[in-house]
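Protein chains: 2
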Amino acid sequence: MLRKLVALAVTAALFGSGLGSTDALAETVSTERHKVTVSTLADKLEKPWGMAFLPAGDLLITEKSGTLRRVTLSGDISSPLSGVPAVVDRSQGGLLDIAVDPNFGDNQYVYLSYSEADPQGGEGNSTAVMRAKLTANGLTNGKVIFRGAPKYKSGAHFGSRLVFAPDGHLFITLGDRYSAMNDAQTLDNHHGKVVRIKPDGSVPSDNPFVGKQGALPEIWSFGHRNVQGAAIHPTTGKLWTVEHGPKGGDEINIPEAGHNYGWPEATYGVDYDGSIISDKTHVEGTVQPHYYWVPSIATSNMIFYTGDKFPAWKGDLLVAALKGSQVARLDLDGDRVMHEETLFEEAVTQRIRDIEQGPDGYIYLITDDRNGQLIQIKPAQ
Amino acid sequence: MLRKLVALAVTAALFGSGLGSTDALAETVSTERHKVTVSTLADKLEKPWGMAFLPAGDLLITEKSGTLRRVTLSGDISSPLSGVPAVVDRSQGGLLDIAVDPNFGDNQYVYLSYSEADPQGGEGNSTAVMRAKLTANGLTNGKVIFRGAPKYKSGAHFGSRLVFAPDGHLFITLGDRYSAMNDAQTLDNHHGKVVRIKPDGSVPSDNPFVGKQGALPEIWSFGHRNVQGAAIHPTTGKLWTVEHGPKGGDEINIPEAGHNYGWPEATYGVDYDGSIISDKTHVEGTVQPHYYWVPSIATSNMIFYTGDKFPAWKGDLLVAALKGSQVARLDLDGDRVMHEETLFEEAVTQRIRDIEQGPDGYIYLITDDRNGQLIQIKPAQ
Ligand SMILES: [Ca+2]
Ligand SMILES: [Ca+2]
Chain A
1 MLRKLVALAV
11 TAALFGSGLG
21 STDALAETVS
31 TERHKVTVST
41 LADKLEKPWG
51 MAFLPAGDLL
61 ITEKSGTLRR
71 VTLSGDISSP
81 LSGVPAVVDR
91 SQGGLLDIAV
101 DPNFGDNQYV
111 YLSYSEADPQ
121 GGEGNSTAVM
131 RAKLTANGLT
141 NGKVIFRGAP
151 KYKSGAHFGS
161 RLVFAPDGHL
171 FITLGDRYSA
181 MNDAQTLDNH
191 HGKVVRIKPD
201 GSVPSDNPFV
211 GKQGALPEIW
221 SFGHRNVQGA
231 AIHPTTGKLW
241 TVEHGPKGGD
251 EINIPEAGHN
261 YGWPEATYGV
271 DYDGSIISDK
281 THVEGTVQPH
291 YYWVPSIATS
301 NMIFYTGDKF
311 PAWKGDLLVA
321 ALKGSQVARL
331 DLDGDRVMHE
341 ETLFEEAVTQ
351 RIRDIEQGPD
361 GYIYLITDDR
371 NGQLIQIKPA
381 Q
Chain B
1 MLRKLVALAV
11 TAALFGSGLG
21 STDALAETVS
31 TERHKVTVST
41 LADKLEKPWG
51 MAFLPAGDLL
61 ITEKSGTLRR
71 VTLSGDISSP
81 LSGVPAVVDR
91 SQGGLLDIAV
101 DPNFGDNQYV
111 YLSYSEADPQ
121 GGEGNSTAVM
131 RAKLTANGLT
141 NGKVIFRGAP
151 KYKSGAHFGS
161 RLVFAPDGHL
171 FITLGDRYSA
181 MNDAQTLDNH
191 HGKVVRIKPD
201 GSVPSDNPFV
211 GKQGALPEIW
221 SFGHRNVQGA
231 AIHPTTGKLW
241 TVEHGPKGGD
251 EINIPEAGHN
261 YGWPEATYGV
271 DYDGSIISDK
281 THVEGTVQPH
291 YYWVPSIATS
301 NMIFYTGDKF
311 PAWKGDLLVA
321 ALKGSQVARL
331 DLDGDRVMHE
341 ETLFEEAVTQ
351 RIRDIEQGPD
361 GYIYLITDDR
371 NGQLIQIKPA
381 Q
């Protein structure tokens with residue numbers, strides 16, 4: 001109930017129109033199984049990175065430079081919300097993903113991932129996660145529940161997608177920080193890892209490396225490159241992730257507790273001159289990708305579509321991508337990919353940074369641009 | 001030993017050059033994992049349809065109009081071999097696939113599939129399979145070991161790929177004859193079926209419908225459209241097939257005994273105007289495809305690559321296609337497809353009708369044209 005009051009208050013106090021003088025632009029697109037409209041609801045977001053729906057249907061959207069905004073489906077964009085942590089807005093770093101607590105109605109918690117400077121004043125940085133309460137004016141009671149280690153001087157590969165498992169645990173996906181890629185194979189650091197914690201930052205006792213000498217207990221899986229997409233499979237409840245490959249070799253994985261996903265030992269990245277490359281694709285003790293792309297599509301986030309608005313897409317995995325401004329629709333039979341369709345390559349013109357399913361069953365995209373867009377996908381009439 | 005003598009005799013008596021005045025043309029092609037050369041060994045085959053390697057390394061190649069030729073890897077094409085059955089060379093019908101007995105060294109048996117006229121003089125035809133002995137001059141002792149029922153008046157969808165299972169049984173893939181598509185769902189006919197027989201034409205007692213009232217006992221699986229590709233998985237020993245979809249929806253299946261693969265009730269074929277189509281993709285009691293293509297690539301035959309010449313392709317499924325003159329390379333992890341690469345789209349310009357792996361570990365293609373080609377794929381130096 002509080003949430004609803006908050007929404008009304010924010011609407012009155014903070015919103016301006018996000019679409020300037022133009023109305024929402026709608027384009028009709030034919031796909032294999034549905035004819036859809038692609039509409040731009042707002043186009044004045046500044047490099048938006050992550051979005052999350054509040055139960056009432058408004059969106060919280062991060063902008064990489066460090067602002068968090070509340071956005072309505074009418075395209076109204078609020079002023080920056082207060083209480084957001086300071087971020088290192090450099091290269092790939094900044095304010096990144098946002099997640100809403102599964103019990104938001106009771107606790108009003110939201111979670112932000114971001115690149116955090118070294119509190120000791122060193123030159124390094126790392127991915128961190130803050131939990132805070134959403135109020136009418138912004139965030140309060142912010143608490144850092146995860147801080148990547150070590151702090152490392154790099155502007156690249158922060159990972160940072162946040163997803164809740166059905167059992168209430170929070171998965172945080174991380175990157176290898178590029179020049180620290182070899183760290184992805186050792187357990188004394190967070191580079192190239194997927195992490196699993198409780199929402200208060202404590203470590204679940206059933207994590208795979210709890211009590212293992214020299215291993216950080218919050219690690220769930222390792223050997224990843226830069227995991228920027230994650231979603232929970234709607235029927236198995238398992239975590240699926242998607243990561244950027246080096247040059248080709250973007251991967252979907254289904255990370256299991258304690259498993260090694262190979263990077264940088266094993267990869268499907270290729271040299272495009274067509275010679276046999278030395279990089280190995282199979283390395284003993286590492287798990288093959290579930291599915292991969294060559295050349296890279298530069299994967300961002302992904303969702304399993306579970307709504308009723310697109311019946312033929314129900315259960316499909318929708319993987320958003322920066323390259324080609326596309327969404328790869330993967331038709332699944334159980335876990336197995338049996339078909340890939342490329343969606344929206346023409347209708348969307350900016351790099352797609354995040355994809356979500358709304359409470360209304362429609363599909364929403366945000367695009368990575370100084371005039372970034374919020375896009376809505378609906379069935380065509 | 002006889003085989004070797006036969007080869008020498010045929011070489012002396014029958015061969016002319018298949019490539020006219022030109023030398024083999026070789027083009028170097030870069031792919032994701034291997035740089036290869038694509039060479040035309042012969043280009044005077046008339047609408048070749050099926051090919052099979054003899055143990056010594058020569059090929060037997062069928063031509064749709066009803067001729068069978070022996071072809072060397074030097075590009076020498078023999079005169080037509082004698083003893084080939086009469087075929088109905090009309091529309092998609094004609095002399096189709098050829099298989100060499102796994103014990104050819106002992107028995108010299110080869111198997112031909114073809115469209116056979118009604119022996120009673122009716123207007124119908126059906127796919128039939130003849131077994132015969134290969135001698136120096138041609139085939140002798142021909143015996144029809146399978147005759148599709150009913151004879152039906154249609155020029156389309158004969159299926160007709162022949163593959164031997166590791167246990168010595170012969171799989172024959174069939175088509176729905178197009179206008180008889182609904183027959184694919186009933187067991188009293190061969191339309192839209194995969195059939196499993198012994199090499200002498202008798203019915204294995206462990207076939208799924210043996211003793212079932214109203215069912216033809218040679219049926220292995222049903223609900224297929226037009227299965228023109230088949231191969232045995234090298235480690236599981238299971239049959240894999242590929243069939244043409246109606247308009248989109250070409251399918252790979254792993255046909256299990258007695259299972260229903262859905263056609264024409266369930267299909268991933270689409271209307272390209274983008275409206276939701278009425279065709280169902282999921283029907284209770286039918287098996288989903290293992291993998292499918294939309295739009296269609298018009299699949300012909302396929303192989304699992306098991307040689308040592310292309311190490312990074314070992315275990316991959318190579319699916320040849322008429323459309324785009326391409327080979328789809330499917331990278332497998334176990335049975336699961338984890339990646340598709342399109343090969344040879346530029347280097348091959350004619351529709352690819354058959355694909356085989358040679359005893360030398362190279363890959364061979366034949367193309368469907370009045371000046372059809374025999375093409376060899378080798379690693380580039
Ligand atoms: Ca990997
Ligand atoms: Ca089917």
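Sequences listed follow chains A and B, in order. Quick note: the first sequence uses full-length UniProt numbering, first residue 1, plus one each step. Quick note: the second sequence uses full-length UniProt numbering, first residue 1, plus one each step. Yeah, the Cβ is synthetic: ideal placement off N, Cα and C, and Gly gets one too. All figures in this text were calculated on a predicted structure; none of them were measured in a lab.
Taking 8 Å as the threshold, the shortest C-beta distance from residue 362(A) to chain B does not fall below it. For residue 35(B), same chain residues with a beta-carbon under 6 Å away, outside a window of 5 residues either side, are 380 in chain order.
Separation of residue 141(A) and residue 314(B) (C-alpha to C-alpha, rounded to the nearest whole angstrom) is 57 Å. In its chain, beyond the 5 residues on either side, 132, 138, 139, 140, 142 have a beta carbon closer than 7 Å to the beta carbon of residue 83(A). Distances between the C-beta of residue 263(B) and the heavy atoms of ligand 2 include at least one below 7 Å. Taking 4 residues as the shortest admissible run, the segment 103-187 of chain B contains the following complete alpha helix (DSSP H) segments, listed from N- to C-terminal end: 104-107.
The Cβ of residue 339(A) sits closer than 8 Å to at least one Cβ of chain B. Interface residue (Cβ-Cβ distance to chain B less than 8 Å): residue 333(A) is classified as such.
For residue 239(B), the enclosing beta strand (DSSP E) has its first and last residue at 239-243. With respect to the 8 Å criterion, residue 361(A) and residue 316(A) are not classified as neighbours on the basis of their beta carbons. Taking one beta carbon from each stretch, the segment 164-184 of chain A and the segment 212-232 of chain A have 3 or more pairs nearer than 8 Å; the two touch. Distance from the C-beta of residue 136(B) to the nearest heavy atom of ligand 2 is not below 7 Å. Between the beta-carbon of residue 72(B) and that of residue 89(B) there is about 26 Å, and that puts the pair past the 8 Å contact cut. With a threshold of 7 Å, the Cβ atom of residue 223(B) counts as near ligand 2, since some heavy atom of the ligand is closer than that. The segment 210-217 of chain A makes no contact with the segment 288-297 of chain A: fewer than 3 CB pairs, one atom from each, lie closer than 8 Å.
Within the segment 80-91 of chain A, no residue places its CB atom closer than 7 Å to a CB of chain B. Remark: the shortest separation between the CB of residue 379(B) and any heavy atom of ligand 1 does not fall under 7 Å. Judged by their CB atoms, residue 355(A) and residue 365(A) are nearer to each other than the 8 Å cut-off.
Taken through DSSP and simplified to helix, strand or coil, residue 361(B) comes out as coil. Going by C-alpha positions, residue 48(A) is about 7 Å away from residue 353(A).
Identification of residues in the segment 88-116 of chain B having a C-beta nearer than 8 Å to some C-beta of chain A yields an empty set. Look at residue 217(B) here: in three-state DSSP terms it is coil, with no helix or strand label.
If you look at residue 44(B), you'll find it in the beta strand (DSSP E) that goes 35-45. In chain order, 333, 338, 339 make up the part of chain A whose C-beta sits under 9 Å from the C-beta of residue 289(B). C-alpha of residue 369(A) to C-alpha of residue 145(A): approximately 29 Å in a straight line. Residue 283(B) does not reach chain A, its nearest Cβ partner there being about 14 Å away, counting only Cβ pairs nearer than 9 Å. Comparing alpha carbon positions, the residue from 184(A), 104(A), 63(A) closest to residue 94(A) is 63(A).
The C-beta of residue 305(B) comes no closer than 8 Å to any C-beta of chain A. Sequence-distant Cβ neighbours of residue 337(B) in its own chain, meaning closer than 6 Å and more than five residues away, are 291, 330.
The C-alpha of residue 77(A) is placed about 10 Å away from the C-alpha of residue 41(A). Nearest CB-CB separation between residue 33(B) and chain A: below the 8 Å threshold. With its beta carbon less than 8 Å from one in chain B, residue 292(A) belongs to the interface. From the listed residues 255(B), 220(B), 150(B), 158(B), the smallest Cα separation to residue 96(B) is found for 158(B).
When the beta-carbon positions are compared, residue 303(A) and residue 324(A) stay at least 8 Å from each other.
The segment 320-377 of chain B contains, as complete beta strand (DSSP E) runs of 3+ residues, the segments 327-333, 336-343, 352-357, 363-367 (chain order).
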